[in-house]
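Asks: Take this structure first; my questions come after.
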Amino acid sequence: MKVEKPIPVMNKLQLISDENLGDIERAKGEGRKVIGFYCLYSPTEIAVAADAIPVSLCGTKNDPIETAEETLPRNLCPLIKSSFGFAVLETCPYFVFSDCIIGDTTCDGKKKMFELLNRYKTTHVLQLPQNQDDAGALPFWREELERFKKLMEAETGVTIDHHRLRKAISLQNRERAARKALMDVNREKPAPITGSQMLEVLSKVAFLADKEKSIALMEEMVCEAKEHAFRPRDSKSNSRKRILLTGVPVGIGSDKVVRIVEEAGADVVAFENCSGYKKTFQVDEDADPLDALASQYLQTPCSVMSPNGGRFDLLEEMVRGFGVEGVIDLTWQACHTYNVEAFQVNEFMEEEFGFPTLHLETDYAQSDTEQLRVRIEAYLEML
Amino acid sequence: MRHAGIDIGSRTIELVVVNDGDILSTRQTDTGFDPMAQAGELLNGMDFDRIMATGYGRNLFEIAFDAPTVTEIKAYGMGVSALIPGARTILDIGGQDSKAIALNDMGAVKKFEMNDRCAAGTGKFLEIMAKTLGFELAEFGSEALKAQDDLHINSMCTVFAESEVTSLVAKGEDRRAIALGLHQSVVRRAVGMIKRVSSEGPIVFAGGVAKNPCMRRLLEEALKQEVLIPEDPQMVGALGAALLSSRMKT
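Here the protein sequences line up with chains B and Y, keeping their order. Count the first sequence with the numbering used here and you get residues 1 to 383, in order. Count the second sequence with the numbering used here and you get residues 1001 to 1250, in order.
Rendered as C-alpha cells:
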C-alpha cells in the first residue's frame, strides 16, 4: 500500500474541526443559541443576524439508517433516513447542541420526516415554493423568511435590524466566495485537488461554527493548492479523465462514487450539487436584505423546482469552465425529482456536448460497489 | 502472437484464444464458489502469449494473474463487432445481470444501460422459474413456445415471481402458459432497457440467455425486427477481451 504524505493544510483542517465542538460549547456557555440547518434553501444569515450560530447537521453516513428504519420506511432517500437516525440516536453532536432545527419543504420525504423529528427537537419548517418564476413564488418565500426572522428573534431575544442582516450577508458572502475560489482551483489542468480531498474539505468546513476561521482556512488552501501541496505534480495526472459529479449532495460516508471514479483512474474535478458549487452564490448587499436573501436563495437550482432551468445553465458553465470530459449524475434511492430530471440532464449533455451522462441510483450502503464499479469503468472506457 | 480473453461471469467462465483475429480455441466451465481456481484450471495447458480479463471476476483475476482488464461492456462491443460487423445495438443477458449497449458506426460503445443490482430479469431468474415449474433449463424456452395462451406475470423479482407462479399453478393454469408469461416479463424489461439506449438495427442478442429460442422469438415480436444471435453467444465477452488484448500497445 502506498503511504500518503501528510498534507499540512489538511492537518490544520483536522485541528480546527477538532476545536469546533469546543468553540460551540463555549459560545453556548456565553448564552449564544445554536440553530441546526438541513438544507441550502434556508438562509443561515438570519440566524447569524440574531447572533446565533448556524450549524449543518449530520446526514451522510450509513450507520444510523438501521435505527431510522424502525420508524421510517426502508424505501426512502438515505439522506433523510441518515439525518433522522443521527438525531434519534443522538450521535450527531451538532443536533445535540442545537436549540432548534430549521427545515424546509424541499421534498415530500423530508417534510414528513420533519413532523417526526419535531418530537425530538423543535423543528421549524419553512414552506418552500416549487417554482422560482411565478409571480406569487417570491413574495410567498419572502413572507416565510419574515416568519423565520421572527422565530429567530423569539429564540434569541435579539431584534434583527437591517444593519445586522447586512453584516451577516456580507460575512456569508465572504465565506461563499472562499468556497468558490477553492473549488475554482480545479479549473486548472490537471486538477490540483483530488475529488475526495475537496469533498473532505467542503464537508468539514460546512460544520465549522467560526466563519472567520473557515474563510481564512479556505483562503490558505487556495494558495497551498496552487503550490501543489495537495497532490504532487506528475506526468500521468494529465491523462486522467475530468469528471463532473451532478445530482444529489455527497459528503463523508456517502462518497463511494467519488472513490470508485478515482480508483478507476479518473478525477472528479467539479461538484454540481448543493454540497458543492450550488453553495457559491453572492447575495446582493445593497438591496433590502430580506428581499435580497429571498430572491437569491430561491434561485438555488435544485430538482425540487419545476421547471429547474438554472441547473442546466450552471451545468453548461461548469462543463466548459472546468474542462469536463464526462458527467456522472447521482441520484439517491427514492429521490424522485433528481431521478426524473436525470433524463433531461442526459438529453442536455448529448445535445450540447455530444456525450451522454452516466446516471447512477444508489444509497449509502456498500453492497453495490462492484455493480457501480463496472458502470463507472465502462463509462470511462467509452469517453 | 496468441491472445487470450477470459470472461469470468457469475455463472460461467469462458476462454477464447485468437491469433491474427482467428479463433484458435474456446473453453467453458462453471464459475462455482472459487472462481480463481476454476479460471486456473481452464487456463491449464492452454497456449497463449497474453491474456485480458473481463466479467465480474476481472479484478480478482487481475490480482491473481497480473493481467490487464476491461469491462464486459467494452468487451461485448468488441466481440459483437468482430462477429457481426455493422451491429448497432447489443442486448446481453447473462447469469446475473443484463445490459443494453449502443454502438456507433465504428463499433465503439456510444451508450449503455445495465439492470438494477438484483437478478430480476436475468438468466438466474429464468433458471429458478424453470425449476419451480419442473422444466430443464435447456428445454424451458422451447416448452414455453408450445403454450396455447399467454398469462401475464407481474412480478419481476425472483422471490415475488415464485409466489405468483405458485398461485397460478394452484389455480390449475398450464405450466407452459406460465412459462410463456415469465419469458414475456423478461422481454418487456429487456425491451425497455434497449429503448433507453437505441433500438437501431442490426440488433444482436448475446449472453447465455440468447440460447433460449422463446426469448429470441418474443424479442423479435416486441422490437418488430430481426434479432441476430452469434453462433456461440456465451463466448462474445471472452472473444472481445482477446481481440482487445491483441490491439493493446505493449
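Note that the Cβ used here is the ideal one computed from N, Cα and C, for glycine as well.
(1) Suppose the cutoff is 6 Å on Cβ atoms and the five residues either side in sequence are ignored; what does the same chain contact list for PRO1035(Y) look like?
(2) Let me know the secondary structure DSSP gives GLN1028(Y) once reduced to three states.
(3) Write down every uninterrupted run of the alpha helix (DSSP H) in the region 1177 to 1215 of chain Y whose length is 4 residues or greater and which is fully enclosed by it, in chain order.
(4) I'd like to know whether the C-beta atoms of SER82(B) and GLY109(B) end up nearer to each other than 8 Å.
(5) With 8 Å as the threshold, decide whether the Cβ of ARG74(B) is near any Cβ in chain Y.
(6) Counting C-beta neighbours from all protein chains within 10 Å, is the total for GLY354(B) 16 or more, i.e. buried, or is it exposed?
(7) Would you mind stating whether HIS1003(Y) and ALA1238(Y) have Cβ atoms separated by less than 8 Å?
(8) Mind checking the region 1174 to 1195 of chain Y against chain A and listing, in chain order, the residues whose C-beta falls within less than 8 Å of any C-beta there?
(9) Just checking: is the beta-carbon of MET1114(Y) within a distance shorter than 8 Å of some beta-carbon in chain B?
(10) Just verifying my parser: in three-state terms, what is the DSSP assignment at PHE86(B)?
(11) Three-state secondary structure (DSSP) at LEU358(B)?
(12) Please list the partners that MET382(B) has in chain Y, where partner means a Cβ-to-Cβ separation under 7 Å.
(13) Identify the residues that DSSP records as bridge partners of PHE271(B): which are they?
(14) With a CB to CB cut of under 8 Å and the five nearest residues on each side skipped, what residues in its chain are close to ARG176(B)?
(15) With contact counted as at least three CB pairs below 8 Å, one residue from each stretch, are the region 351 to 371 of chain B and the region 1012 to 1024 of chain Y in contact?
(16) Just checking, does the region 1160 to 1180 of chain Y make contact with the region 1200 to 1212 of chain Y on the three C-beta pairs under 8 Å criterion?
(17) Straight-line CA distance for LEU1244(Y) to ASP329(B)?
(18) For PRO384(B), return the contacting residues in chain Y, with the cut-off set at a CB-CB distance below 7 Å.
(19) In this structure, how does DSSP classify ALA1291(Y) when only helix, strand and coil are distinguished?
(20) Going along the chain, which residues of its own chain have a beta-carbon closer than 6 Å to the beta-carbon of SER1246(Y), five neighbours each way excluded?
(21) Tell me, please, whether the CB atom of ARG259(B) is closer than 8 Å to any CB atom in chain Y?
(22) With C-beta atoms as the reference, is THR106(B) less than 8 Å away from TYR41(B)?
(23) Measure the CB-CB distance between GLU220(B) and VAL9(B) and report whether it falls below 8 Å.
(24) How many angstroms separate the CA atom of LEU290(B) from the CA atom of LYS149(B)?
(25) Using the Cα positions of ARG1189(Y) and ALA334(B), report the straight-line distance between them to the nearest angstrom.
(26) Got a sec, what are the start and stop residues for the alpha helix (DSSP H) HIS124(B) sits in?
(27) Please confirm if the region 1070 to 1085 of chain Y is in contact with the region 1230 to 1237 of chain Y, defined as three or more CB-CB distances below 8 Å between the two stretches.
(28) Quick one: list the residues of chain B neighbouring GLY1158(Y), beta-carbon separation under 9 Å, in chain order.
(29) Name, in chain order, the residues that DSSP records as bridge partners for ILE169(B).
(30) Can you grab the Cα-Cα spacing for the pair GLY276(B) / PRO249(B), in whole Å?
(31) To the nearest angstrom, how far is the alpha carbon of SER237(B) from that of VAL374(B)?
(32) Return the Cβ separation of ALA132(B) and LEU293(B) in integer angstroms, given the expectation that the two are a contact with Cβ distance under 8 Å.
(33) For ARG1002(Y), which three-state DSSP category applies?
(34) In terms of DSSP beta bridges, what is TRP332(B) paired with?
(35) Unbroken beta strand (DSSP E) runs of length 3 or more, entirely within the region 1068 to 1100 of chain Y: which are they?
(36) Let me check you understand the geometry: is the CB of ASN1104(Y) closer than 7 Å to at least one non-hydrogen atom of the ligand MN?
Replies: This is what the structure gives:
(1) As a working note, residue 1035(Y) is residue 35 in the second sequence. Same-chain partners within the cutoff: ILE1008, GLY1057.
(2) Along the second sequence, read from residue 1 onward, the residue named residue 1028(Y) stands at position 28. GLN1028(Y): strand per DSSP, three-state reduction.
(3) For the region 1177 to 1215 of chain Y, not a single whole alpha helix (DSSP H) run of length 4 or above is found.
(4) By 1-based counting over the first sequence, the position of residue 82(B) is 82. By 1-based counting over the first sequence, the position of residue 109(B) is 109. Cβ distance not < 8 Å, so SER82(B) and GLY109(B) don't count as in contact.
(5) Here residue 74(B) corresponds to residue number 74 of the first sequence, with the count starting at 1. Not a single C-beta of chain Y is nearer than 8 Å to the C-beta of ARG74(B).
(6) Within the first sequence, residue 354(B) is the residue found at index 354, counting from 1. GLY354(B) is exposed by the Cβ-count criterion.
(7) Translated into the one-based positions of the second sequence, residue 1003(Y) becomes position 3. Translated into the one-based positions of the second sequence, residue 1238(Y) becomes position 238. No.
(8) This model lacks chain A altogether; the protein chains it does include are B and Y.
(9) Working through the second sequence from its first residue, we reach residue 1114(Y) at position 114. Cβ-Cβ to chain B under 8 Å: yes for MET1114(Y).
(10) As a position in the first sequence, residue 86(B) is number 86, starting the count at 1. DSSP places PHE86(B) in helix when its eight states are reduced to three.
(11) Taking the first sequence and counting its residues from 1, one reaches residue 358(B) at position 358. DSSP places LEU358(B) within a strand segment (E or B) once states are collapsed to three.
(12) Indexing the first sequence from 1 puts residue 382(B) at position 382. By Cβ distance, chain Y contributes VAL1109.
(13) Here residue 271(B) refers to the residue found at position 271 of the first sequence. DSSP lists LEU245(B) as partners of PHE271(B).
(14) Along the first sequence, read from residue 1 onward, the residue named residue 176(B) stands at position 176. Excluding positions up to five away in sequence, the list reads LYS279, THR280, PHE281, GLN282.
(15) These segments do not touch.
(16) No, the region 1160 to 1180 of chain Y is not in contact with the region 1200 to 1212 of chain Y.
(17) Numbered from its first residue, the second sequence carries residue 1244(Y) at position 244. Numbered from its first residue, the first sequence carries residue 329(B) at position 329. Here the alpha carbons of ASP329(B) and LEU1244(Y) stand approximately 29 Å from one another.
(18) Not covered by the structure: residue 384(B). The range shown for chain B is 1 to 383.
(19) There is no way to answer for residue 1291(Y), as the model of chain Y reaches only from 1001 to 1250.
(20) Here residue 1246(Y) refers to the residue found at position 246 when the second sequence is read from its first residue. Counting only Cβ-Cβ distances below 6 Å, and skipping sequence neighbours, we find HIS1003.
(21) Translated into the one-based positions of the first sequence, residue 259(B) becomes position 259. Judged by the 8 Å Cβ criterion, ARG259(B) is not in contact with chain Y.
(22) Counting from 1 along the first sequence, the entry for residue 106(B) is found at position 106. Counting from 1 along the first sequence, the entry for residue 41(B) is found at position 41. In this structure, TYR41(B) lies closer than 8 Å to THR106(B) by Cβ.
(23) Locating residue 220(B) in the first sequence gives position 220, counting from the first residue. Locating residue 9(B) in the first sequence gives position 9, counting from the first residue. In contact: GLU220(B) and VAL9(B) (Cβ atoms closer than 8 Å).
(24) Along the first sequence, read from residue 1 onward, the residue named residue 290(B) stands at position 290. Along the first sequence, read from residue 1 onward, the residue named residue 149(B) stands at position 149. Computed Cα separation, rounded: 9 Å.
(25) Here residue 1189(Y) refers to the residue found at position 189 of the second sequence. Here residue 334(B) refers to the residue found at position 334 of the first sequence. One C-alpha to the other measures close to 20 Å.
(26) In the first sequence, residue 124(B) corresponds to position 124, counting from 1. No alpha helix (DSSP H) contains HIS124(B), which is instead part of the beta strand (DSSP E) from 123 to 126.
(27) Contact holds: three or more Cβ-Cβ distances are below 8 Å.
(28) Translated into positions along the second sequence, residue 1158(Y) becomes position 158. Looking at the sequence itself, residue 1158(Y) is Thr, so the reference to Gly does not match. Correct list: empty, because the minimum Cβ distance to chain B is about 17 Å.
(29) Numbered from its first residue, the first sequence carries residue 169(B) at position 169. Bridge pairing for ILE169(B): absent [DSSP].
(30) If you number the first sequence from 1, residue 276(B) lands on position 276. If you number the first sequence from 1, residue 249(B) lands on position 249. Taking the CA atoms as reference points, GLY276(B) sits about 8 Å from PRO249(B).
(31) The residue labelled residue 237(B) in the question sits at position 237 within the first sequence. The residue labelled residue 374(B) in the question sits at position 374 within the first sequence. Taking the straight line from one Cα to the other gives about 22 Å.
(32) Taking the first sequence and counting its residues from 1, one reaches residue 132(B) at position 132. Taking the first sequence and counting its residues from 1, one reaches residue 293(B) at position 293. First, the residue type needs correcting, since residue 132(B) is Gln and not Ala in the sequence shown. About 14 Å; that fails the 8 Å criterion.
(33) Residue 1002(Y) sits at position 2 when you count from the first residue of the second sequence. Residue state, collapsed to three classes: strand.
(34) For this step, residue 332(B) is matched to residue 332 along the first sequence. Bridge partners of TRP332(B): THR362(B).
(35) Correct list: 1089 to 1093.
(36) What this structure holds is no ligand at all, so the ligand MN is not there to describe.
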